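**Q**
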Amino acid sequence: MNKSEKFEDSLQELAQFARAISHPARLSILKYLAETKTCISGDISDNLPLSRTTVSQHLKELRDIGLIHGTIDGLKINYCLCQSSIEKYIQLFDTFFDPVKASTNDCEIAECAIDIKLAKEIDKSNI
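Just so you know, the working numbering puts 59 at position 59 of the sequence shown, and the rest follows in order with no gaps.
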């Protein structure tokens, strides 16, 4: 058993998700697929400043965790967001951060206090 296996399943799953979206290229791919609001047929690398090989590696990472899926259509692959997986990860993040959001502890460290104040101002402006 490795060290990460000692943690509860939801934390392991959340860490895998965080690792999968930790690269700007993968975030760009997800954003591109979300903004097009349809499955993409063709070469996604035309829309990114990366080589096809590099984009393919990032697509594989996103497929492996289930955020996207691809279906072969002749010589092309149609890529789509997997909405159920995305909703699952959003729920995992919400569940993870609920205790943090509910915390009333104020940090005494100056940098942290500034960040908390800024976060509260941002939260109020989103209401």
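For each residue, glycine too, the CB sits at the ideal point set by N, CA and C.
Since the structure is predicted, the reported quantities are computational estimates derived from the model, not experimental observations.
In angstroms, rounded to a whole number, what distance separates the CA positions of K3 and I77?
**A** Within the sequence shown, the letter at position 3 stands for residue 3. Within the sequence shown, the letter at position 77 stands for residue 77. The straight-line gap from Cα to Cα measures roughly 37 Å.
**Q** Just checking, does the stretch 29–49 make contact with the stretch 66–85 on the three C-beta pairs under 8 Å criterion?
**A** yes
**Q** Let me make sure I understand the geometry here. Which of K6, D9, E13 and E8 has the alpha-carbon closest to that of I86?
**A** Position 86 of the sequence shown, counted from the first residue, corresponds to residue 86. For the residues K6, D9, E13 and E8, the minimum Cα distance to I86 belongs to E13.
**Q** May I ask you to report which of helix, strand or coil DSSP gives N78?
**A** Taking the sequence shown and counting its residues from 1, one reaches residue 78 at position 78. DSSP places N78 in strand when its eight states are reduced to three.
**Q** One question on the structure: do E61 and A15 come within less than 7 Å of each other, judged by their Cβ atoms?
**A** Taking the sequence shown and counting its residues from 1, the one referred to as residue 61 is at position 61. Taking the sequence shown and counting its residues from 1, the one referred to as residue 15 is at position 15. Result no, Cβ atoms of E61 and A15 do not sit closer than 7 Å.
**Q** With burial defined as no fewer than 16 other Cβ atoms inside 10 Å of the residue's Cβ, what is the status of I90: buried or exposed?
**A** Along the sequence shown, read from residue 1 onward, the residue named residue 90 stands at position 90. Per the 10 Å Cβ criterion, exposed.
**Q** Using C-beta distances below 7 Å, list every residue in its chain close to H128, excluding the 5 sequence neighbours before and after it, in chain order.
**A** Since the displayed the chain opens at 1 and closes at 127, residue 128 lies outside it and no answer follows.
**Q** Considering only the beta carbon of each residue, do A81 and L33 sit closer than 7 Å?
**A** On the sequence shown, residue 81 is found 81 positions in, with the first residue counted as 1. On the sequence shown, residue 33 is found 33 positions in, with the first residue counted as 1. Reading off the sequence, residue 81 comes out as Leu, not Ala. In this structure, L33 lies closer than 7 Å to L81 by Cβ.
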